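*Asks:* Dropping a structure here in structure tokens format, bear with me for questions.
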Amino acid sequence: MPIKSIRQNFTPNTEQLQMMETFSEMISHSIRIGLDHDCSTMKKLSMLSYSQLRDYPVLSYYKLTAISQAAGRLSLKKDIKKGRKVKSPFVRKSYLVSCYGFKINGMLLSFPLNREFANAPLTDHTVSELSNGIRARSFTMTPTSLSISIQKDIPEIKPESVIGIDRNLRNITISTPQRAIMYRTKKILSIKQNSQHVRDSFRRFDVLVKNRFFARIRKRQTRRVNQILHKISKDIVQKARESRSMIVFEDLKGIRKLYRKGNGQGNSYRRKLNSWSFYELQRQIQYKAAWEGIPVRFVDPERTSTLCPICGDRIQEDRQNRRKVLCINCGKLMDRDVVASMNVAHKGWARFTHPGGPPDEAMKGNVILEYREPLIECMGVS
Ligand SMILES: [Zn+2]
259 MPIKSIRQNF TPNTEQLQMM ETFSEMISHS IRIGLDHDCS TMKKLSMLSY SQLRDYPVLS
319 YYKLTAISQA AGRLSLKKDI KKGRKVKSPF VRKSYLVSCY GFKINGMLLS FPLNREFANA
379 PLTDHTVSEL SNGIRARSFT MTPTSLSISI QKDIPEIKPE SVIGIDRNLR NITISTPQRA
439 IMYRTKKILS IKQNSQHVRD SFRRFDVLVK NRFFARIRKR QTRRVNQILH KISKDIVQKA
499 RESRSMIVFE DLKGIRKLYR KGNGQGNSYR RKLNSWSFYE LQRQIQYKAA WEGIPVRFVD
559 PERTSTLCPI CGDRIQEDRQ NRRKVLCINC GKLMDRDVVA SMNVAHKGWA RFTHPGGPPD
619 EAMKGNVILE YREPLIECMG VS
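If you count by the working numbering, then the sequence shown holds residues 259 to 640, one letter each, in order.
Okay, here's the thing in structure tokens:
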């Protein structure tokens, strides 16, 4: 069942602030116990901590939630074994999280506090997100914000059509029975190269200053890239919703697709830069689609770039234009990325709507897409 979280600004009153501080103190207390006894499992930590938290004047389920937060923070110790840099498990900013005993009352979130109910006002936007069929699962409160995790009870639609997606280094190309669209992603590469350049030219030796500076650059880069990816994923999911389509990706294990001939840049540095975006786009589409009940499926990338999506013959590379491929049988010169996305769509459609059929059906018959030159969409963000 799809889950997402809605976040709004929030100004707590003194009592609520006090509760957040108490909650965070309980987490820290439990973390200290966990560290002393070298334990991070919820079960063991509850046995050790619960009685120790008896003097905190809060309902018992807040104690249990605090212990579970502590267990989660302590399990970060796994990172040490894997050689990753770890943050301190201790709480730096106070907060309160709970999935018990709270209610949504119109424009208010009510939760038990000191034998009464405390109220947090909800914004119009939050209230509108909490409409029918939505269940609030938990809330997280900080001194400046309130997030509510919500769940939607939505069955997966029975697809009537299909959208195939091809991801490569320069663009994201989709094919639907109505059209082919190429989303240019050159901007993403330039954002990443630009921040790499800024990092490379940093000359100060003060490690603290340097780390802070790099963290800021990284954050800014992620924000700008995500903005572009969000526009693209939103557009694709909207098209899938309108046409009641399933969305099909290639299952890119180990990004071997990126090694595909004709993808130009044989430069591993660039490859590394973009691989993250590939998965981020996929992640965004998966959760946005889940929220709408749109199925997302994966197919084996094998032969999606070597066979003609219309007749199934082997395609030839065009020597004059590396972005084009030629099917001698059909007598057609086609865009390489559109061909790949059409094959992905065919494969997914055959595999998931006619399971048990011969696998090659995907490449030959069962034609539901016609070849079209792609419409170019520039999703750059200035
Ligand atoms: Zn052909």
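Backbone N, C-alpha and C fix where the C-beta goes; we use that ideal spot for every residue, glycine too.
In this text the structure is predicted, and so the values were computed from the model without any measurement.
For Ala-473, count neighbouring Cβ atoms within 10 angstroms of its own Cβ and tell me buried if that reaches 16, exposed if not.
*Replies:* It is exposed - the Cβ of Ala-473 has fewer than 16 other Cβ atoms within 10 Å.
*Asks:* Give the DSSP-derived three-state secondary structure of Asn-601 in the structure shown.
*Replies:* DSSP places Asn-601 in helix when its eight states are reduced to three.
*Asks:* Please report the Cβ distance between Leu-332 and Ile-289, rounded to the nearest whole angstrom; I am assuming they are in contact, meaning their Cβ atoms lie under 8 Å.
*Replies:* Their Cβ separation, rounded to whole angstroms, is 6 Å, which keeps Leu-332 and Ile-289 in contact under 8 Å.
*Asks:* Residues in the same chain with beta-carbon distance under 7 Å from Ser-286, minus the five sequence neighbours each way, listed in chain order, please.
*Replies:* Same-chain partners within the cutoff: Phe-348, Val-349.
*Asks:* In three-state DSSP terms, what is Lys-519?
*Replies:* Summary for Lys-519: the model assigns pLDDT 47, below 50, so the residue's position carries little reliability, and this model does not support an answer.
*Asks:* I'd like to confirm something about Ile-626: is its beta-carbon nearer than 7 Å to some heavy atom of ligand 1, or not?
*Replies:* Not under cutoff, so the answer is no.
*Asks:* By alpha-carbon positions, which one of Ser-599, Ile-552, Phe-507 ends up nearest to Leu-565?
*Replies:* Ranking the options by Cα distance to Leu-565, first place goes to Ser-599.
*Asks:* Kindly provide the chain-ordered list of residues whose Cβ lies closer than 6 Å to any non-hydrogen atom of ligand 1.
*Replies:* Those satisfying the condition are, in chain order, Cys-566, Ile-568, Cys-569, Asp-571, Cys-585, Asn-587, Cys-588.
*Asks:* What residue range is occupied by the uninterrupted beta strand (DSSP E) comprising Asp-424?
*Replies:* Asp-424 -> beta strand (DSSP E) spans 419-425.
*Asks:* Counting along the chain, where does the alpha helix (DSSP H) carrying Met-637 start and finish?
*Replies:* Met-637 -> no alpha helix (DSSP H), and no H or E assigned at all.
*Asks:* Can Ile-486 and Ile-423 be called in contact, C-beta distance under 8 Å?
*Replies:* Not closer than 8 Å, so no.
*Asks:* Put Lys-590 into one of helix, strand or coil per three-state DSSP.
*Replies:* Here Lys-590 sits in strand by DSSP.
*Asks:* Quick one, which of Pro-260, Ser-396, Asn-579, Asp-493 has its alpha-carbon nearest Pro-413's?
*Replies:* It is Pro-260.
*Asks:* Buried or exposed: where does Thr-380 fall if 16 or more other Cβ atoms within 10 Å of its Cβ makes it buried?
*Replies:* Here residue 380 is Leu; the residue named in the question, Thr, does not match the sequence. Flag for Leu-380 reads buried.
*Asks:* Taking Thr-269 as the reference, give the member of Ser-405, His-455, Phe-281 with the closest Cα.
*Replies:* Closest by alpha carbon: Ser-405.
*Asks:* Would you call Cys-585 buried or exposed, if buried means 16 or more other Cβ atoms sit within 10 Å of its Cβ?
*Replies:* Burial call: buried.
*Asks:* For Glu-619, which three-state DSSP category applies?
*Replies:* Residue confidence for Glu-619 is low, a pLDDT of 47 falling below 50, so the modelled location carries little weight; the figure read from the coordinates is stated next. In this structure, Glu-619 counts as helix in the three-state DSSP scheme.
*Asks:* If Lys-489 and Thr-434 are in contact, beta carbons under 8 Å, what's the gap, nearest whole angstrom?
*Replies:* Lys-489 to Thr-434, Cβ: 18 Å. No contact.
*Asks:* Entirely within the stretch 310-369 and at least 3 residues each: give me those beta strand (DSSP E) ranges in chain order.
*Replies:* Listed in chain order, they are 354-356, 361-363.
*Asks:* Kindly identify the DSSP beta-bridge partner or partners of Gln-409.
*Replies:* Bridge partners of Gln-409: Ile-261, Arg-393.
*Asks:* Cβ atoms of Leu-539 and Ile-430: under 8 Å apart, would you say?
*Replies:* Yes; because the gap between Cβ atoms is below 8 Å, this pair is in contact.
*Asks:* Under three-state DSSP, which class holds Met-277?
*Replies:* Met-277 falls in the helix class under three-state DSSP.
*Asks:* State the start and end residues of the unbroken alpha helix (DSSP H) segment that holds Ile-475.
*Replies:* Counting along the chain, the alpha helix (DSSP H) containing Ile-475 begins and ends at 465-500.
*Asks:* Considering just the uninterrupted stretch of the beta strand (DSSP E) at Ser-503, what are its terminal residues?
*Replies:* Start and end: 503-508.
*Asks:* Please work out which residues of its chain come closer than 6 Å, Cβ to Cβ, to Gln-409, disregarding the five sequence neighbours upstream and downstream, and give them in chain order.
*Replies:* Hits under 6 Å: Met-259, Ile-261, Arg-393, Arg-395.
*Asks:* Between the stretch 562-576 and the stretch 448-468, are three or more C-beta pairs nearer than 8 Å?
*Replies:* With a cut-off of 8 Å, the stretch 448-468 and the stretch 562-576 do not count as touching, because too few Cβ pairs lie within range.
*Asks:* For Met-300, which of helix, strand or coil comes out of DSSP?
*Replies:* It is helical.
*Asks:* Is the CB-CB distance between Glu-279 and Ser-389 below 8 Å?
*Replies:* Contact flag unset, no.
*Asks:* According to the neighbour-count rule (16 or more other Cβ atoms, all chains shown, within 10 Å of its Cβ), is Pro-315 buried or exposed?
*Replies:* Exposed, since its Cβ has fewer than 16 Cβ neighbours within 10 Å.
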